[in-house]
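Trainee: Shown below is the structure under consideration.
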Ligand code: MG
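In the working numbering, the protein residues as written are 4 to 267.
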């Protein structure tokens, strides 16, 4: 009797599995095949579809080659020379950039290792030495300047190399007579610093001004990326970017959803 019960349970389980496996739901969305991308050896290395902005050799991807290229494959801001601006313009991007604030600590607050990564030359992810260096929280390292404090302070010590991995979706602006008359969709930004999430899907409120509240200013669908000269000897290296779609929406459903027998 015990044996019979055991066999009954096994048989019921097998029947349930057969019924479950017999159906295969398909969405009916005709997705295009994702292109093949070869990843870098390390996640910090550029994948095959990345555009290299700085690989340690020269500043040829930038408008004016005015910052200093160092023998160790890095470059250093030249105070007083102005921002470094890419020749190429970008909209929505995945950006990898490495930076090191000066090992020799000078100044405090906003005066310590200050630079910045400007998406579309308008929206700043702050670069600052925020290792045991207090300032206003929406102005510390990894902030969206004066708009969003980072979730955590994950800064390394002065002089140590750090990483930013930034996902940026460009804003959609209605512009008439060189004025923004409607923000159809704000820009969104997600930042990882040293592999740790610091800004999560933040809706940017406009230009990250120093002196006035943020407002969107007219600009194109693509604009340069720039690095800020804030008078400090901040270093950068290994900068690459991937252009990504402007929207994360699904394509329309063009086929009827269906169930089918699953292949065995
Ligand atoms: Mg800055």
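Don't be surprised by glycine CBs; every beta carbon is placed ideally from N, CA and C.
1) Based on Cα-Cα distance, which residue from 233, 165, 234 lies nearest to residue 196?
2) By the three-class DSSP mapping on this structure, what secondary structure does residue 169 have?
3) Let me check you understand the geometry: is the CB of residue 118 closer than 7 Å to at least one non-hydrogen atom of ligand 1?
4) When every heavy atom of ligand 1 is checked, does at least one fall within less than 7 Å of the C-beta of residue 222?
5) Measuring alpha carbon to alpha carbon, tell me which residue in 221, 207, 198, 143 is nearest residue 177.
6) Can you round the beta-carbon distance between residue 57 and residue 239 to whole angstroms, since I take them to be within the 8 Å contact cut?
7) Is the number of C-beta pairs between the stretch 62–79 and the stretch 119–132 that are closer than 8 Å three or more?
8) So what does residue 71 bridge to, in DSSP terms?
9) Below 8 Å, how does it come out for the stretch 100–114 and the stretch 192–208: are there three or more Cβ pairs, yes or no?
10) For residue 244 versus residue 201, is the C-beta spacing smaller than 8 Å?
11) Cα-Cα, which of 259, 257, 242, 189 is closest to residue 249?
12) Does ligand 1 have even one heavy atom less than 7 Å from the beta-carbon of residue 233?
13) Around the C-beta of residue 70, are 16 or more other C-beta atoms found within 10 angstroms, so that it is buried, or is it exposed?
14) Does DSSP classify residue 27 as helix, strand or coil?
15) How about residue 32 and residue 253: are their beta carbons less than 8 Å apart?
16) Using only CA atoms, which one of 168, 72, 94, 116 lies nearest to residue 231?
17) Whole angstroms is fine: what's the gap from residue 4's alpha carbon to residue 39's?
18) Which residues share a DSSP beta bridge with residue 139?
19) Taking only heavy atoms of ligand 1 into account, decide whether any of them is closer than 7 Å to the Cβ of residue 129.
20) Should residue 94 go down as buried or exposed, given a rule of 16 or more other Cβ atoms within 10 Å for buried?
Mentor: On the basis of the supplied data:
1) For the purposes of this step, residue 196 is taken as residue 193 along the chain shown, with counting starting at 1. The shortest C-alpha separation from residue 196 is found at 165.
2) Numbered from its first residue, the chain shown carries residue 169 at position 166. Looking at residue 169 - three-state DSSP - the assignment turns out to be strand.
3) Mapped onto the chain shown, residue 118 falls at position 115. Yes - ligand 1 has a heavy atom lying nearer than 7 Å to the Cβ of residue 118.
4) As a first step, residue 222 is located in the chain shown; it is residue number 219 there, counting from the start. Not so, every heavy atom of ligand 1 lies at least 7 Å from the Cβ.
5) Counted from its first residue, the chain shown places residue 177 at position 174. The shortest C-alpha separation from residue 177 is found at 221.
6) Here the question's residue 57 lines up with position 54 in the chain shown. Here the question's residue 239 lines up with position 236 in the chain shown. Yes, residue 57 and residue 239 are in contact; Cβ-Cβ is about 7 Å, under 8 Å.
7) no
8) Residue mapping note: residue 71 aligns to position 68 of the chain shown, counting from 1. According to DSSP, which records beta bridges pairwise, residue 71 is partnered with 79.
9) no
10) By one-based count along the chain shown, residue 244 stands at place 241. By one-based count along the chain shown, residue 201 stands at place 198. No, Cβ-Cβ distance for residue 244 and residue 201 is not below 8 Å.
11) For the purposes of this step, residue 249 is identified with residue 246 of the chain shown, where counting begins at 1. Among 259, 257, 242, 189, the Cα nearest to that of residue 249 is on 189.
12) Along the chain shown, read from residue 1 onward, the residue named residue 233 stands at position 230. For ligand 1, at least one heavy atom lies less than 7 Å from the Cβ of residue 233.
13) On the chain shown, position 67 is the one that residue 70 refers to. Residue 70 is buried by the Cβ-count criterion.
14) Position 24 of the chain shown, counted from the first residue, corresponds to residue 27. DSSP places residue 27 in strand when its eight states are reduced to three.
15) Counted from its first residue, the chain shown places residue 32 at position 29. Counted from its first residue, the chain shown places residue 253 at position 250. Cβ atoms of residue 32 and residue 253: closer than 8 Å.
16) Taking the first residue of the chain shown as position 1, residue 231 is located at position 228. The shortest Cα separation from residue 231 among 168, 72, 94, 116 belongs to 116.
17) Stepping through the chain shown from its first residue, residue 4 is reached at position 1. Stepping through the chain shown from its first residue, residue 39 is reached at position 36. Confidence at residue 4 is low in this model, with a pLDDT of 45, below 50, so the placement of that residue should be treated as unreliable; the coordinate-derived value is given next. C-alpha separation (whole angstroms): 58 Å.
18) Here the question's residue 139 lines up with position 136 in the chain shown. Here residue 139 is not bridged, per DSSP, to any residue.
19) Sequence index remark: in the chain shown, residue 129 carries index 126 (1-based). Residue 129: yes, Cβ under 7 Å from ligand 1.
20) Here the question's residue 94 lines up with position 91 in the chain shown. By the neighbour-count rule (16 or more Cβ atoms within 10 Å), residue 94 is buried.
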